[in-house]
Each structure stands twice: as structure tokens, then as C-alpha cells.
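Numbering of the sequence shown is given in UniProt numbering, commencing with residue 1 and proceeding in unit increments. Remarks on the structure that follows.
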Amino acid sequence: MCGIVAYVGQQEALPIIIKGLKRLEYRGYDSAGVALLNQEGLSIYKKKGKVSELENHLNGLSNLNSKIGIGHTRWATHGEPNDVNAHPHYSSSEKFAMIHNGIIENYDVLKRDLMNKGYVFHSETDSEVFIKFIEDIYVNNYCSLEEAVRLALHKVVGAYAIVIMNKEEPDTLIAARKGSPLVIGVGDEEYFLASDATPIIEYTNQVVYLDDYEIAVIRNGKLQIKTIENVETNPYINQLEMELEAIEKGGYEHFMLKEINEQPRSIADCMRGRLDAKNGRLVLGGFRDYMNKFQNADRIIITACGTSWHAGLVAEYLFEEFARIPVEVEYASEFRYRNPVVNERDFIIAISQSGETADTLAAIELAKSKGATIFGVCNVVGSSIPRATHAGSYTHAGPEIGVASTKAFTAQISVLTMMALKLGYQRGTLPENRYMQLLSELETIPSKVEKALQLNDKIKEIAAEFKDARNFLYLGRGYNFPVALEGALKLKEISYIHAEGYPAAEMKHGPIALIDEEMPVVFIATKDSSYEKVVSNIQEVKARKGKIIAVVTEGDTTVRHMADHVIEIPETEEAFVPLVAVVPLQQLSYHIAVMRGCNVDQPRNLAKSVTVE
Ligand code: M6R
1 MCGIVAYVGQ QEALPIIIKG LKRLEYRGYD SAGVALLNQE GLSIYKKKGK
51 VSELENHLNG LSNLNSKIGI GHTRWATHGE PNDVNAHPHY SSSEKFAMIH
101 NGIIENYDVL KRDLMNKGYV FHSETDSEVF IKFIEDIYVN NYCSLEEAVR
151 LALHKVVGAY AIVIMNKEEP DTLIAARKGS PLVIGVGDEE YFLASDATPI
201 IEYTNQVVYL DDYEIAVIRN GKLQIKTIEN VETNPYINQL EMELEAIEKG
251 GYEHFMLKEI NEQPRSIADC MRGRLDAKNG RLVLGGFRDY MNKFQNADRI
301 IITACGTSWH AGLVAEYLFE EFARIPVEVE YASEFRYRNP VVNERDFIIA
351 ISQSGETADT LAAIELAKSK GATIFGVCNV VGSSIPRATH AGSYTHAGPE
401 IGVASTKAFT AQISVLTMMA LKLGYQRGTL PENRYMQLLS ELETIPSKVE
451 KALQLNDKIK EIAAEFKDAR NFLYLGRGYN FPVALEGALK LKEISYIHAE
501 GYPAAEMKHG PIALIDEEMP VVFIATKDSS YEKVVSNIQE VKARKGKIIA
551 VVTEGDTTVR HMADHVIEIP ETEEAFVPLV AVVPLQQLSY HIAVMRGCNV
601 DQPRNLAKSV TVE
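Here it is in C-alpha cells:
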């Protein structure tokens, strides 16, 4: 959470920073601020609210010219969202200004020590403590700023990506990271720093991903990287493959709508070069190298959070059905705080869109320390999780900007499906003819998703009817149970309507008490092995006057007679239904949220990448 941007070079820094902050707003949008340096000195400007509020505030001001600057968009952790708690923060002498993404866990102890020395604090943030702590070391050790940063980093506990400006060095930026991402764009004697590559892409496609415990010093057009042990490292320059258009709305009203509609392409991109049904080829680079280990694993443990955890649940069905290996799916946040029984014969799959989720990263470290092999399924190239795992496969969904995850979910399931099929085939638990049949069907999924997207107008009508509901229930069985969970999560996170997802058969053990004529119940009732049972559950809801919205297989006539609304999706293999069935549920939550006037792309209290534990 929190987005940081910095620039040093020959261009005006402010427009680059503001544009960059807008791109990073998905990471937090409680407040925004910038620090600039010119003949007037080092000045900080900050405002509660979105980057546009800051922009309005700056519009009336002069002397904003600067060839160096830092900017921040905040997701509040310590202290409420207001102007004072917004970043950047000054050091005590106002000689330094700093932006920080992360949490300093021992800030309280540091703050008390500094207060005993007479330091005064204006904000409630851990970040103000951090920069004042750095300055205290700088003053007392008569050392350079980078040395003070290095010494301070040995003392702080927690996560950080920081960038610091020094009033006396107009050509210098100092940055460091541990646990929070930081990318450095390398231009022609100019540098761009940001939490991810989106603010950088239009200026350069050469980037360096800073590693944990590394400090970058950009001075006089040169980049130098050292570890916090003071050992110089060789910056490795990566070529970005991202296209600018991928991070723009491209005519859509919201990123979420664009991303829902991109799914036929993102699923195809995910399969491209990996799946060749005609020749029975399925190749996943990172997976191939670990196939032996995977094939002989005693158990697969999948760990993730939120929507990625739902993709993990789908994968549990897939791996158990096709590869016959026992699977456990764990919330990363729970797994890491237990004392789980994990050993070197376990294969761990960590799923994450952002690749930065703090709980998932911590779960990976825990499993690694117990000798397990860790495989990442991530979307953001170069993010922390792919670098913390032994191997992995990218989902190639392209940048997902809307806070509500949509295309990343279907891309995650696509990768996991390919893994399960390949593993089943290799282990001999999936016979060749069935394997070939499944591969052929998998190749048709992008076109089936395309067809499902055409239901948009009908779904809009359903949304209009139910937009004022106070509660929703989502029910599904088997592969469709995680789809029910995901449908409910989508609705609550962007429309703020309370929604619950349940296995349909569990309804009678409690949730049925909620059913009355006010309760919309969304069933995922496609023609599969539990269809008859789900039809019975629909009857039970109908008997209690619940309003039924049913996602069914094209041509279904049975449910049509019971439901208030049916949404017919193309038929596919039972194991692949989640890839298609989730699409109308994404559309339903999108339209309801829009009709309720909610901020669809930046729902309240949320952030796209959750880098706090
Ligand atoms: O980046 P990750 O996939 O690790 O993020 C996990 C969750 O924070 C994320 O899926 C969250 O639940 C989304 N807002 C759901 O739409």
C-alpha cells in the first residue's frame, strides 16, 4: 500500500510525479504530497484526499519548478488521513524530506528515544519518526546522508521503500527497500523511481528492481547500489515489456470494466505459447524445471489472500481431480501465524496478482524455512513474490489497475488449470485421450468468455432491480463454490452491500434462516455433477420466497421455471466452468456499484496491493 514516485534529471519533476501518482493511486488514495527543490529551498506540499486534490491545491501556487522531486499517495496505517499525516515528511532541520511505503514496527521505541532527546513530532506517522531517526544518526555521527540511512536501516524493524531528498544536494536521491517494492527507471542521465513500473513506462523501458536490504544512490546522473552491509552490487537492467495502452482506460469508464472485458484476451495471452492442444503440448517454463519434485510431492499447500485465495480453492479441485495429490488451501495470514506442519516433501503454491502481498510473502518465507519447495503464480513481473520463490509461472494478464481483481483471477485459474492437467498427465492419473480432450476444450475458453460478456445488457437490468438490496447470498457447489465466494467478494468490496458466499448445501445449516422476499440469492447452477442437488437448493429458496438469480448452462429449461432471472453461459467442461461463470458475477457487481454511485476502481478503505500484515 502507498505509492511512491521520484524523479531526478533535466525535465520538470512535478508533472512527471503527479502523473505517476495518478497511476499509483490504486495503491492508496487517502492523501497525496510532493517535495520539490529549487532556489526557494526544499518545499513540501500535501493534501488529504486524492491526487486531484493535491493538483488543485498546486494549481494556485508558483515556484514549483524543480528538476528533482518525490511524491507519495497514501493508504493510511499510522494516523488518520489528513494533511499533516500525508507524506513527504521533513526531518527536524527540514534539510531532508522523505517518502515511505511500509510500516516501521519499532517506531514507538524510536519515537520515545527521540522525544527524550527533544525531538518534536507533528504527525502520528511512523514515517516522520523514520526520517527524524535518520537525521539524528546523521548529526551525531558526522556522516554522509547515505551512511546515516545505512546505519538507520540496521536499527529499524519492519517494511519500507523510501526515497530521500537532501536540500543541499539538488542532484541526489537516496532510496532503499525492504519488503516494499521499488523500481528504478534508467533514462538518459535521468532516473525515475516508483512502487511499480507504471509511472515509468512512458519514459524508459529499462528498469532496475531494487532488492531487499539495498540502498540506491543517484547522484549527478549516476546510479550506485550498495547493500546495507556497504557492499557495492552491479545493477541488473531489465527490459520492460509493458505497453503504455495497457495501463490506460482505453475509452472505458472504469478500469474494472476494461479489465472484465479484456478477459478473452488475457486468458488467451496466459495460454499463448504454453498450450498447443492439436499437438498435445502444454509447456509452463518454471513448472517444467520442478516437475519431478511436484510429481512426487506428498501434498500441495496453496497459500494466498482474497481473490487469489479463491483461485487457490478452484485449484484444489483441479489438482485433486486430475493429479490425485492431496491439497490444502490456506489463507496466508492464518498459515503464517500457526505452527504449520510443513516439510521438504511439500510443494507450496503461492498465488498473488501483485506479487507484493505481505502475508503471502511471510507465508512463503515460513514454508521455505521448513524446507518446502515454493512455486509462485503471480501477475506483476519482477515483484517480490516471484523473487522469493524457487520457481513460478507468470499469469500474463497485463496490468490490473482496478482494485477489485477480475482478469487476474481468471488468468490465475488458467495457469493453475494448465499445471493440474500437465501434472495429472505426467503422473498417469489423467489418461491421454481425456488429457487431449481437456486441452482442446481449454483452448475454447477465451471465445466462451467472449460470449459470456455479451450478457452485459441483461445483467445491467438485473443490477437495476437489485441495486438497493441490503444483503446478497451467493451459492454454488464443487467448482462453483469458489465462484460463489468470489461473486460475493466482488459485490461487497465495490458496492458495500453485505454479501455471503456459501457452498449451496451448507445453506440448510444456517443461512437459510436469512431467506425472505427481500433476499436476492445468486446460484451458480451450471449442468455439472451436482446440478440436481443445486436445483433442489433453488427450490428450497423459492419455497421461502427468496429472489433467485441463476447462472445456468445455455439451453437449461429446468431452472428457468424456478428462477426470477437466469443468466445463460456457454457450456464447457465442469472443471473449466469457473473461468466462464465468474464473468457475469463480475459484471453484476460492477453495474450495481456504478448504479449506487460507488467509486468502482478505488473502493473505500481498500488498496490494490496489501503490503501491511
Ligand atoms: O495481489 P494479491 O493477489 O496477493 O492480493 C490479494 C488480495 O488482497 C486481493 O485479491 C483482494 O482481495 C482484491 N481486492 C479482491 O478483488
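Glycine included, every Cβ here is placed at the ideal spot set by N, Cα and C. Bear in mind the structure is a predicted one, so any value in this text is a computation, not a measurement.
Review point. Thinking C-alpha only, which one of Ile260, Glu571 and Ala411 is nearest Lys527?
Key: Of Ile260, Glu571 and Ala411, the residue nearest in Cα terms is Glu571.
Review point. Below 8 Å, can you find three or more Cβ-Cβ pairs linking the stretch 315-327 to the stretch 412-419?
Key: Contact between the stretch 315-327 and the stretch 412-419 is established, with three or more Cβ pairs separated by less than 8 Å.
**Study point:** Start-end ranges of the alpha helix (DSSP H) lying completely within the stretch 268-294, minimum 4 residues
**Key:** Runs found: 285-289.
Practice item. Evaluate contact between the stretch 575-587 and the stretch 480-487, counting only Cβ atoms and requiring at least three cross-stretch pairs below 8 Å. Key: Judged by Cβ distances under 8 Å, the stretch 575-587 makes contact with the stretch 480-487, as three or more pairs qualify.
Review point. Under the criterion of a Cβ to heavy atom distance below 6 Å, does Gln353 qualify as lining ligand 1?
Key: The answer is yes for Gln353.
Exercise for review: Identify whether Asn166 lies in helix, strand or coil by the three-state DSSP scheme.
Suggested key: In this structure, Asn166 counts as strand in the three-state DSSP scheme.
Exercise for review: May I ask you to check if the CB of Thr357 is nearer than 6 Å to at least one heavy atom of ligand 1?
Suggested key: Yes, since a heavy atom of ligand 1 falls inside the 6 Å radius drawn around the Cβ of Thr357.
Check your understanding: Roughly how many whole angstroms lie between the Cα atoms of Leu562 and Ile348?
Key -> Here residue 562 is Met; the residue named in the question, Leu, does not match the sequence. C-alpha separation (whole angstroms): 43 Å.
Exercise for review: May I ask whether a heavy atom of ligand 1 can be found less than 6 Å away from the beta carbon of Ala404?
Suggested key: Result yes, Cβ under 6 Å from ligand 1.
Exercise for review: Indicate the three-state DSSP secondary structure (helix, strand or coil) for Asp196 in the structure shown.
Suggested key: Reduced to three states, the DSSP call for Asp196 is coil.
Review point. Skipping 5 residues on each side, what residues in its chain have a beta carbon closer than 8 Å to that of Val535?
Key: If you ignore the 5 residues before and after Val535, its C-beta comes within less than 8 Å of the C-beta of Ala525, Thr558, Val559 and Met562, all in its own chain and listed in chain order.
Review point. Is Ser66 near ligand 1, going by C-beta to nearest heavy atom under 6 Å?
Key: Taking 6 Å as the cut-off, the C-beta of Ser66 does not count as close to any heavy atom of ligand 1.
Check your understanding: Is there contact here, the stretch 131-148 with the stretch 57-76, by at least three beta-carbon pairs under 8 Å?
Key -> When Cβ pairs closer than 8 Å are counted between the two stretches, the stretch 131-148 is seen not to touch the stretch 57-76, the count staying below three.
Point to revise | Closer than 7 Å to chain B by CB, Lys608 | key: Of the protein chains in the structure, only one exists, and it is not chain B.
**Study point:** Cβ-heavy atom distance, Val610 to ligand 1, below 6 Å
**Key:** Flag set: Cβ of Val610 near ligand 1.
Check your understanding: Would Leu193 pass as a contact of Ile184 if the rule is Cβ separation under 7 Å?
Key -> Their beta carbons are under 7 Å apart, which means Leu193 touches Ile184 by this criterion.
Point to revise | Same chain, Cβ closer than 7 Å to Gln412, five either side skipped, listed in chain order | key: Closer than 7 Å at Cβ, skipping near neighbours: Ser308, Ala311, Ile351, Val377 and Thr395.
Review point. Of the residues Asn63, Lys48, Lys22 and Tyr29, which one's Cα is nearest the Cα of Leu42?
Key: Comparing Cα positions, the closest option is Asn63.
Check your understanding: Straight-line CA distance for Gly432 to Arg274?
Key -> Contrary to the premise, residue 432 reads as Glu rather than Gly in this sequence. When rounded, the distance between both Cα atoms is 18 Å.
Review point. With distances taken between CB atoms, is the gap from Ile569 to Ala452 smaller than 7 Å?
Key: Between Ile569 and Ala452, the C-beta spacing is below 7 Å.
Review point. Going by the C-beta, is residue 651 closer than 6 Å to any heavy atom of ligand 1?
Key: Here the chain has residues from 1 to 613 only, and residue 651 is not among them.
**Study point:** Leu54 versus Ser31: straight-line alpha-carbon distance, rounded
**Key:** Our two residues, Leu54 and Ser31, have alpha carbons roughly 8 Å apart in a direct line.
Point to revise | Cross-strand partners of Ile524 (DSSP beta bridge) | key: Looking at the DSSP output, Ile524 bridges to Val551.
Point to revise | Ile225 in three-state terms, based on DSSP | key: In the structure shown, Ile225 sits in a strand (DSSP, three-state: E or B).
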